[in-house]
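Some notes on the structure that comes next.
Number of protein chains: 2
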Amino acid sequence: MKIAVLGSGHGGVAMSADLALSGYDVSLAAVEEHSVNIKLLRSLDGIKIEGFTSSGKTPQFTKPKVITEDVPFVLKDADIIMVIVPSFAQSVYTDLIIKHGKINALVLFPCGGFSALEFRNKLKILNRENDFIACETSSFIYTTKITGPGKVLIKGIKDNVYFAAAPSERTGEALSVINQIYPQFKKVHNVWQTSFSNPSAVLHTIPTLLNMSRIEQMGPYRYSHYDITPCIGKIMEAVDRERVEIAKHLFPNPPSFLETMCKIYNLQAENIYQAVKSVNAYNIQFSPDGMKHRYVTEDIPYSLVPIATIGKELGIDTHNMDAVINIACMANGENYWLTGRNAQKIGFEAKPKIKTENLVLAL
Amino acid sequence: MKIAVLGSGHGGVAMSADLALSGYDVSLAAVEEHSVNIKLLRSLDGIKIEGFTSSGKTPQFTKPKVITEDVPFVLKDADIIMVIVPSFAQSVYTDLIIKHGKINALVLFPCGGFSALEFRNKLKILNRENDFIACETSSFIYTTKITGPGKVLIKGIKDNVYFAAAPSERTGEALSVINQIYPQFKKVHNVWQTSFSNPSAVLHTIPTLLNMSRIEQMGPYRYSHYDITPCIGKIMEAVDRERVEIAKHLFPNPPSFLETMCKIYNLQAENIYQAVKSVNAYNIQFSPDGMKHRYVTEDIPYSLVPIATIGKELGIDTHNMDAVINIACMANGENYWLTGRNAQKIGFEAKPKIKTENLVLAL
Chain F
1 MKIAVLGSGH
11 GGVAMSADLA
21 LSGYDVSLAA
31 VEEHSVNIKL
41 LRSLDGIKIE
51 GFTSSGKTPQ
61 FTKPKVITED
71 VPFVLKDADI
81 IMVIVPSFAQ
91 SVYTDLIIKH
101 GKINALVLFP
111 CGGFSALEFR
121 NKLKILNREN
131 DFIACETSSF
141 IYTTKITGPG
151 KVLIKGIKDN
161 VYFAAAPSER
171 TGEALSVINQ
181 IYPQFKKVHN
191 VWQTSFSNPS
201 AVLHTIPTLL
211 NMSRIEQMGP
221 YRYSHYDITP
231 CIGKIMEAVD
241 RERVEIAKHL
251 FPNPPSFLET
261 MCKIYNLQAE
271 NIYQAVKSVN
281 AYNIQFSPDG
291 MKHRYVTEDI
301 PYSLVPIATI
311 GKELGIDTHN
321 MDAVINIACM
331 ANGENYWLTG
341 RNAQKIGFEA
351 KPKIKTENLV
361 LAL
Chain G
1 MKIAVLGSGH
11 GGVAMSADLA
21 LSGYDVSLAA
31 VEEHSVNIKL
41 LRSLDGIKIE
51 GFTSSGKTPQ
61 FTKPKVITED
71 VPFVLKDADI
81 IMVIVPSFAQ
91 SVYTDLIIKH
101 GKINALVLFP
111 CGGFSALEFR
121 NKLKILNREN
131 DFIACETSSF
141 IYTTKITGPG
151 KVLIKGIKDN
161 VYFAAAPSER
171 TGEALSVINQ
181 IYPQFKKVHN
191 VWQTSFSNPS
201 AVLHTIPTLL
211 NMSRIEQMGP
221 YRYSHYDITP
231 CIGKIMEAVD
241 RERVEIAKHL
251 FPNPPSFLET
261 MCKIYNLQAE
271 NIYQAVKSVN
281 AYNIQFSPDG
291 MKHRYVTEDI
301 PYSLVPIATI
311 GKELGIDTHN
321 MDAVINIACM
331 ANGENYWLTG
341 RNAQKIGFEA
351 KPKIKTENLV
361 LAL
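Same order as they appear, the protein sequences are chains F and G.
In this text, residue positions in the first sequence follow full-length UniProt numbering: the first is 1, and each later residue adds one.
In this text, residue positions in the second sequence follow full-length UniProt numbering: the first is 1, and each later residue adds one.
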């Protein structure tokens, strides 16, 4: 079983090193324009892991079989393709997968964000929807950090990560393969659930936008609990109610953000403000450095825009979500409704057609 | 000529004292529920003015002819009625004016906010639209502050204050009376212009909402220039473009917020961020104390809501304004579209009817 890990950021480096240490036949590849780290790792002839490993082996210097800028080369015989790049960089890789990937390879997107759906929509348009198994987890299994040249710290490996394939009928088949590597992956209903379960859509965007003045003046500054306040919590709740209404059409019993937080962190809290303030892991954080931070430029176009535009297709009122998205559009002078992963890009159209509003607002 | 000043806040106290010192027959009145200051001033038997006076007389202890909670009593023979109360408190006074006011009295609202239009709409509904002359200035002529029991500081008296009556055909008639008292009032096209010229709709709301985290944690704190940042400036510009598009339908050549700032403060600035940062008067300020501050609870429902709902009646896209209003609605759990001074309350309906969206969104 050959594994290709695509992407040379901390996630791809950590995953490829950890899997190599576990004994898998793994290659690490990134396209030329993102290959600075690839060149470095090749010159160092490997990667030093610190912290944890999924095999339980002592963290050590290790070496993926291949470290290369030649993405097509590693794709041609990979059985599992891990796409470990930010959402906005995915399309260059998915184009290469479609062109060079081995038929029936399993293609995993690790952080929700409606990535598997967009990939599958690309395949559908080409009439090749059965050529690959598109899979998604709700969040990246590793918590990692680059600590120096060629060094990656694996701070943690999550226990329980939602997993689904698109179409969901293939989730079992995909899981029987991937569970050999990651037994932590748990089957859920579908890739709607993996994408809707990522808390970033609410947790990253709203506290960042409503702290715009201080973040632009001082960021990155040391803060805690996202510097959430009671009114910010109320806004998160109003937006989350819309998210849950939409999710109800896509998988059964979607939990609210508050319920999710209380479950993950084993909390008792009456509202989002209390819940976020109660998470010890949020005690020490650094704020974003400005409005071009991924909490805005990734989580708005790749989390909130797909959710809101799906809502509009379903005829669900999303005016609270729209407000948050439009604040981000104005701040950055970008029409995220168009540049983001909207319902059209993931091939979502309500049947029967009940939409009542224009999908795309002029900026 | 008898003048009734309604309202016992710093504005009403300053105006009634200044006019009394000028020698006018002036009464100060406030309804029982806002009468703490009235009782105090009556017990002190007058008001001590500090700072400036409009007559040029030495600031001194002075006494309006009547200081009372009996609003109907002062209304029955007042030729000029000054409504010096916050927007949300106006309706109790306008109801009393309609019931007890002398026919043909001039009723002045001093801070825009579509107050004259709402008053006139009330009169229209009662078929009494010619019983009073509804007038409005764009901003309050005095800059004032209460400095102690019975003491008011007049920090400044503005030079050039926009004035209009509704209907605008009566502006000349009204001005011939009011200019005897305030020669600083200058005729403009109509009360649309006085209401649209108040900069609060943009200047107060957006920097406050987008500084929510810090204001809720620390407010009131000492800040400067509204703690505006470049992205906040861009949001103000996006909202202001919509405001100007709407204003173009209501009076000729509406200036942008940036043009207004540059003119008032004699600045050269390329954008709103630069302009606001250049105003020396904004060097030392105190931030709002929270999201219930009038920068949100008055300027959203009485400035932005009327503008946005008029825009919708005119078929103009207001999605940027809507975003700001909806953030305020979510933060305070109040549907300002309904509780605020919407187009319906000021009797505005586009002819021909070209509106395409629902006026009121459910919260």
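Each residue gets a CB set at the ideal place from its N, CA and C atoms; glycine is no exception.
Beta-carbon separation of Ile154 (chain G) and Asp18 (chain G) under 8 Å?
-> In the second sequence, counting from the first residue as 1, residue 154 (chain G) sits at position 154. In the second sequence, counting from the first residue as 1, residue 18 (chain G) sits at position 18. The answer is yes: Cβ separation under 8 Å.
Taking the alpha carbon of Arg120 (chain G) as the point to measure from, which residue in G:Ser168, G:Thr143 and G:Ile146 has its own alpha carbon closest?
-> For the purposes of this step, residue 120 (chain G) is taken as the residue at position 120 of the second sequence. Among G:Ser168, G:Thr143 and G:Ile146, the Cα nearest to that of Arg120 (chain G) belongs to G:Ser168.
Check the Cβ-Cβ distances between Glu216 (chain F) and every residue of chain G, and say whether any is below 8 Å.
-> Numbered from its first residue, the first sequence carries residue 216 (chain F) at position 216. True, the Cβ-Cβ gap to chain G drops below 8 Å.
Under the three-state reduction of DSSP, which class applies to Gln274 (chain F): helix, strand or coil?
-> The count along the first sequence starts at 1 and reaches residue 274 (chain F) at position 274. Gln274 (chain F) falls in the helix class under three-state DSSP.
Going along the chain, which residues of its own chain have a beta-carbon closer than 8 Å to the beta-carbon of Lys124 (chain G), five neighbours each way excluded?
-> Locating residue 124 (chain G) in the second sequence gives position 124, counting from the first residue. Closer than 8 Å at the Cβ level, and outside the excluded window around Lys124 (chain G), lie Gly347.
Taking a cut of 7 Å between CB atoms, which residues from the stretch 227 to 249 of chain F lie near chain B?
-> Of the protein chains in the structure, F and G, none is chain B.
CA nearest to the CA of Glu349 (chain F), picked from F:Ala78, F:Glu245 and F:Leu314 = The residue given as residue 349 (chain F) occupies position 349 in the first sequence. Selected option, being the one with the closest Cα: F:Leu314.
Cβ-based burial, Val276 (chain G) [other Cβ within 10 Å; buried from 16] | Within the second sequence, numbered from 1, the residue matching residue 276 (chain G) stands at position 276. Label assigned to Val276 (chain G): buried.
Evaluate contact between the stretch 57 to 69 of chain F and the stretch 95 to 102 of chain F, counting only Cβ atoms and requiring at least three cross-stretch pairs below 8 Å.
-> no
Which partner residues of Lys158 (chain G) appear in the DSSP bridge assignment?
-> By 1-based counting over the second sequence, the position of residue 158 (chain G) is 158. Looking at the DSSP assignment, Lys158 (chain G) forms no beta bridge with any residue, so it has no partner.
How about Met212 (chain F) and Met291 (chain F): do their beta carbons lie closer than 8 Å?
-> For this step, residue 212 (chain F) is matched to residue 212 along the first sequence. For this step, residue 291 (chain F) is matched to residue 291 along the first sequence. Going by C-beta atoms, Met212 (chain F) is nearer than 8 Å to Met291 (chain F).
Please state if the CB of Ala4 (chain G) and the CB of Ile103 (chain G) are separated by a distance shorter than 8 Å.
-> Position 103 of the second sequence, counted from the start, is the residue given in the question as residue 103 (chain G). Position 4 of the second sequence, counted from the start, is the residue given in the question as residue 4 (chain G). No, they are not a contact pair.
Assign Met15 (chain G) to one of two classes, buried (16 or more other C-beta atoms within 10 Å of its C-beta) or exposed (fewer than that).
-> Position 15 of the second sequence, counting from 1, holds the residue named residue 15 (chain G). Answer is buried; the Cβ neighbour count reaches 16.
Measuring CA to CA, which of F:Asp79, F:Lys2 and F:Lys151 is closest to Asp131 (chain F)?
-> Within the first sequence, residue 131 (chain F) is the residue found at index 131, counting from 1. The candidate whose alpha carbon is nearest that of Asp131 (chain F) is F:Asp79.
Mind checking which residues open and close the beta strand (DSSP E) that includes Tyr302 (chain F)?
-> Taking the first sequence and counting its residues from 1, the one referred to as residue 302 (chain F) is at position 302. No beta strand (DSSP E) contains Tyr302 (chain F), which DSSP labels as neither H nor E.
Where does Thr356 (chain G) sit, in a helix, a strand or coil, going by DSSP?
-> Numbered from 1 along the second sequence, position 356 holds the residue referred to as residue 356 (chain G). Low local confidence applies: a pLDDT of 43 at Thr356 (chain G) is under 50, so the model's placement there is unreliable, and no value is given.
If you draw a straight line from the C-alpha of Tyr182 (chain F) to the C-alpha of Thr318 (chain G), how long is it?
-> Mapped onto the first sequence, residue 182 (chain F) falls at position 182. Mapped onto the second sequence, residue 318 (chain G) falls at position 318. Computed Cα separation, rounded: 49 Å.
May I have the straight-line CA-CA distance separating Ile300 (chain G) from Ile206 (chain G), to the nearest angstrom?
-> Locating residue 300 (chain G) in the second sequence gives position 300, where the first residue counts as 1. Locating residue 206 (chain G) in the second sequence gives position 206, where the first residue counts as 1. Computed Cα separation, rounded: 10 Å.
Name the DSSP bridge partner or partners of Ala29 (chain G)?
-> If you number the second sequence from 1, residue 29 (chain G) lands on position 29. According to DSSP, Ala29 (chain G) bridges with G:Leu6 and G:Thr68.
Let me know the beta strand (DSSP E) ranges lying completely inside the stretch 97 to 149 of chain G, each 3 residues or longer, listed in chain order.
-> 106 to 109, 133 to 137 and 142 to 148
Option nearest Val202 (chain F) by Cα separation, candidates F:Tyr223, F:Tyr221, F:Ala166 and F:Leu258 = Numbered from 1 along the first sequence, position 202 holds the residue referred to as residue 202 (chain F). Comparing Cα positions, the closest option is F:Leu258.
Using a cut-off of 8 Å between C-beta atoms, extract the partners of Gly333 (chain G) located in chain F.
-> The residue labelled residue 333 (chain G) in the question sits at position 333 within the second sequence. In chain order: Lys234.
Find the residues of chain F that neighbour Pro207 (chain G), judging by a C-beta separation of less than 8 Å, and give them in chain order.
-> Taking the first residue of the second sequence as 1, we reach residue 207 (chain G) at position 207. The answer, in chain order, is Ser213.
Use the C-beta contact count for Ile354 (chain G): other C-beta atoms within 10 angstroms, 16 or more gives buried, fewer gives exposed.
-> Here residue 354 (chain G) refers to the residue found at position 354 of the second sequence. For Ile354 (chain G), the pLDDT reaches just 46, beneath the cut-off of 50, and the residue's location in the model is therefore unreliable, although a value from the coordinates is still provided. So Ile354 (chain G) counts as exposed.
Is Gly11 (chain G) helix, strand or coil when you go by DSSP?
-> Counted from its first residue, the second sequence places residue 11 (chain G) at position 11. If DSSP states are grouped into helix, strand and coil, Gly11 (chain G) belongs with the helices.
Those runs of the alpha helix (DSSP H) which lie wholly inside the UniProt domain "Opine dehydrogenase" (188 to 331) of chain F and span at least 4 residues = 191 to 196, 200 to 203, 205 to 209, 212 to 218, 230 to 247, 257 to 265, 272 to 278, 294 to 297 and 305 to 313
Closer than 9 Å at the beta carbon, the chain G residues around Ala275 (chain F) | Residue mapping note: residue 275 (chain F) aligns to position 275 of the first sequence, counting from 1. The contacting residues do not exist; Ala275 (chain F) stays about 17 Å from chain G at best.
Cβ-Cβ distance between Asn320 (chain F) and Asn326 (chain G) below 8 Å | Within the first sequence, numbered from 1, the residue matching residue 320 (chain F) stands at position 320. Within the second sequence, numbered from 1, the residue matching residue 326 (chain G) stands at position 326. Cβ distance < 8 Å, so Asn320 (chain F) and Asn326 (chain G) count as in contact.
Could you give the distance in angstroms between the alpha-carbon of Arg222 (chain F) and the alpha-carbon of Ile284 (chain F)?
-> For the purposes of this step, residue 222 (chain F) is identified with residue 222 of the first sequence, where counting begins at 1. For the purposes of this step, residue 284 (chain F) is identified with residue 284 of the first sequence, where counting begins at 1. Distance between the alpha carbons of Arg222 (chain F) and Ile284 (chain F) is about 7 Å.
Residues of its chain near Phe114 (chain G), where Cβ-Cβ distance is below 6 Å and the 5 sequence neighbours each way are ignored = The count along the second sequence starts at 1 and reaches residue 114 (chain G) at position 114. The residues are Ser195, Pro306, Arg341 and Ile346.
Cα-Cα separation between Lys187 (chain F) and Val239 (chain G), rounded to whole angstroms | Reading the first sequence from its first residue, position 187 is the one you call residue 187 (chain F). Reading the second sequence from its first residue, position 239 is the one you call residue 239 (chain G). Those two C-alpha atoms are separated by around 45 Å.
Where does Lys39 (chain F) fall in DSSP's three states?
-> Within the first sequence, residue 39 (chain F) is the residue found at index 39, counting from 1. Correct three-state label for Lys39 (chain F): helix.
Partners in chain G for Ala308 (chain F), counting only beta-carbon separations shorter than 8 Å = Start at 1 with the first residue of the first sequence, and residue 308 (chain F) comes out as number 308. Going along chain G, no residue has its Cβ under 8 Å from Ala308 (chain F), so there is no contact; the nearest lies around 12 Å.
Could you tell me which of G:Ile316, G:Gly51 and G:Val13 sits nearest to Lys39 (chain G), measuring between CA atoms?
-> Residue mapping note: residue 39 (chain G) aligns to position 39 of the second sequence, counting from 1. Lys39 (chain G) has its Cα closest to that of G:Val13, out of G:Ile316, G:Gly51 and G:Val13.
Report the three-state DSSP secondary structure of Phe163 (chain F) (helix, strand or coil).
-> Indexing the first sequence from 1 puts residue 163 (chain F) at position 163. Phe163 (chain F) falls in the strand class under three-state DSSP.
Reduced DSSP category for Glu50 (chain G) - H, G, I as helix; E, B as strand; rest coil = As a position in the second sequence, residue 50 (chain G) is number 50, starting the count at 1. Reduced to three states, the DSSP call for Glu50 (chain G) is strand.
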